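Residue numbers (the working numbering): 29 to 140. Quick notes on the structure that follows.
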(Lines of atoms letter the chains of each structure in order from A and count residues from 1; the text may use other names and numbers.)
(Lines give C-alpha, C1' and ligand atoms only; values in the text may rest on other atoms or scores of the structure.)
Protein backbone atom coordinates (compact mmCIF):
# COMPACT_ATOMS: atom_id res chain seq x y z
CA UNK A 1 0.00 0.00 0.00
CA UNK A 2 1.21 3.48 -0.80
CA UNK A 3 2.91 5.41 1.98
CA UNK A 4 2.04 9.08 2.02
CA UNK A 5 4.10 11.47 4.11
CA UNK A 6 2.91 15.02 4.51
CA UNK A 7 6.12 17.00 4.89
CA UNK A 8 4.30 20.29 5.49
CA UNK A 9 1.12 22.00 4.27
CA UNK A 10 2.69 22.43 0.81
CA UNK A 11 4.80 19.29 0.35
CA UNK A 12 3.97 15.61 0.00
CA UNK A 13 6.18 12.54 -0.39
CA UNK A 14 4.62 9.41 -1.88
CA UNK A 15 6.18 5.95 -1.84
CA UNK A 16 4.62 3.18 -3.90
CA UNK A 17 5.51 -0.41 -4.65
CA UNK A 18 4.67 -3.29 -6.92
CA UNK A 19 1.37 -3.94 -5.13
CA UNK A 20 0.24 -0.41 -5.97
CA UNK A 21 0.82 -1.01 -9.68
CA UNK A 22 -1.21 -4.21 -9.40
CA UNK A 23 -4.00 -2.29 -7.65
CA UNK A 24 -4.03 0.30 -10.44
CA UNK A 25 -4.20 -2.41 -13.09
CA UNK A 26 -7.05 -4.19 -11.28
CA UNK A 27 -8.97 -0.91 -10.95
CA UNK A 28 -8.44 -0.09 -14.62
CA UNK A 29 -9.61 -3.55 -15.66
CA UNK A 30 -12.71 -3.28 -13.46
CA UNK A 31 -13.97 -0.23 -15.38
CA UNK A 32 -12.39 -0.21 -18.82
CA UNK A 33 -14.81 2.34 -20.21
CA UNK A 34 -14.06 4.86 -17.45
CA UNK A 35 -10.29 4.47 -17.62
CA UNK A 36 -9.86 3.72 -21.35
CA UNK A 37 -8.13 6.99 -22.23
CA UNK A 38 -5.72 6.69 -19.29
CA UNK A 39 -4.92 3.07 -20.11
CA UNK A 40 -4.11 3.88 -23.73
CA UNK A 41 -2.10 7.00 -22.86
CA UNK A 42 0.00 5.20 -20.24
CA UNK A 43 0.64 2.32 -22.66
CA UNK A 44 1.67 4.73 -25.42
CA UNK A 45 3.71 7.25 -23.41
CA UNK A 46 5.64 5.16 -20.88
CA UNK A 47 8.25 4.02 -23.42
CA UNK A 48 9.28 7.68 -23.75
CA UNK A 49 10.27 7.53 -20.07
CA UNK A 50 12.33 4.34 -20.55
CA UNK A 51 9.55 2.51 -18.62
CA UNK A 52 11.00 3.57 -15.26
CA UNK A 53 9.33 6.92 -14.71
CA UNK A 54 6.03 8.49 -15.64
CA UNK A 55 4.40 11.87 -15.04
CA UNK A 56 0.71 11.11 -14.52
CA UNK A 57 -0.20 14.79 -14.52
CA UNK A 58 1.55 15.62 -17.79
CA UNK A 59 -1.01 13.59 -19.73
CA UNK A 60 -4.11 13.91 -17.55
CA UNK A 61 -3.76 10.27 -16.50
CA UNK A 62 -3.95 10.72 -12.74
CA UNK A 63 -7.43 9.38 -11.93
CA UNK A 64 -6.13 5.82 -11.47
CA UNK A 65 -3.11 7.12 -9.55
CA UNK A 66 -5.27 9.21 -7.21
CA UNK A 67 -7.72 6.32 -6.72
CA UNK A 68 -4.85 4.11 -5.57
CA UNK A 69 -3.53 6.81 -3.24
CA UNK A 70 -6.85 7.89 -1.80
CA UNK A 71 -5.56 11.48 -1.83
CA UNK A 72 -5.30 14.27 -4.38
CA UNK A 73 -1.63 15.32 -4.65
CA UNK A 74 -2.70 18.43 -6.57
CA UNK A 75 -3.76 19.90 -3.20
CA UNK A 76 -0.05 20.39 -2.52
CA UNK A 77 2.37 22.70 -4.29
CA UNK A 78 5.00 20.00 -4.50
CA UNK A 79 5.07 16.24 -4.28
CA UNK A 80 7.65 13.60 -4.94
CA UNK A 81 7.09 9.99 -5.93
CA UNK A 82 9.45 7.21 -4.95
CA UNK A 83 8.86 3.91 -6.71
CA UNK A 84 10.97 0.90 -7.60
CA UNK A 85 11.44 0.04 -11.25
CA UNK A 86 9.11 -2.93 -10.70
CA UNK A 87 6.21 -0.51 -10.11
CA UNK A 88 6.71 1.14 -13.50
CA UNK A 89 7.46 -2.06 -15.44
CA UNK A 90 4.38 -3.75 -13.98
CA UNK A 91 2.18 -0.73 -14.57
CA UNK A 92 3.32 -0.50 -18.18
CA UNK A 93 2.83 -4.22 -18.80
CA UNK A 94 -0.65 -4.15 -17.32
CA UNK A 95 -1.72 -1.06 -19.22
CA UNK A 96 -0.23 -2.40 -22.45
CA UNK A 97 -2.14 -5.63 -21.90
CA UNK A 98 -5.41 -3.76 -21.33
CA UNK A 99 -4.89 -1.19 -24.10
CA UNK A 100 -6.48 -3.23 -26.88
CA UNK A 101 -9.65 -3.80 -24.87
CA UNK A 102 -9.60 -0.13 -23.75
CA UNK A 103 -9.45 1.05 -27.37
CA UNK A 104 -12.37 -1.20 -28.23
CA UNK A 105 -14.31 -0.01 -25.18
CA UNK A 106 -13.75 3.61 -26.22
CA UNK A 107 -14.85 2.92 -29.77
CA UNK A 108 -18.05 1.22 -28.60
CA UNK A 109 -18.94 3.74 -25.91
CA UNK A 110 -21.91 5.96 -26.72
CA UNK A 111 -21.01 9.60 -27.22
CA UNK A 112 -22.03 11.98 -24.45
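Glycine included, each C-beta is placed from N, C-alpha and C at the ideal position. From a predicted model like this one, the values you see are computed outputs, not experimental measurements.
Between residue 60 and residue 126 the beta-carbon gap is near 7 angstroms, inside 8 angstroms, which marks them as a contact. Boundaries of the alpha helix (DSSP H) around residue 55: 46-58. Measuring C-alpha to C-alpha distances from residue 95 to each of 67, 81 and 55 identifies 55 as the nearest.
Rounded to the nearest angstrom, the gap between the Cα atoms of residue 89 and residue 70 is 7 angstroms.
Residue burial annotation: residue 132 is exposed, with fewer than 16 other C-beta atoms found within 10 angstroms of its C-beta. Of the residues assessed, residue 78 falls on the exposed side of the cut-off, its CB having fewer than 16 other CB atoms within 10 angstroms.
DSSP, read as helix, strand or coil, puts residue 77 in helix.
Leaving aside the five residues that flank residue 87 on each side, the residues in its chain whose CB is nearer than 7 angstroms to its CB run, in chain order, 69 and 73. Here residue 67 is near residue 130, since their CB atoms are less than 9 angstroms apart. The alpha carbon of residue 80 has as its nearest neighbour, out of 122, 33 and 114, the alpha carbon of 114.
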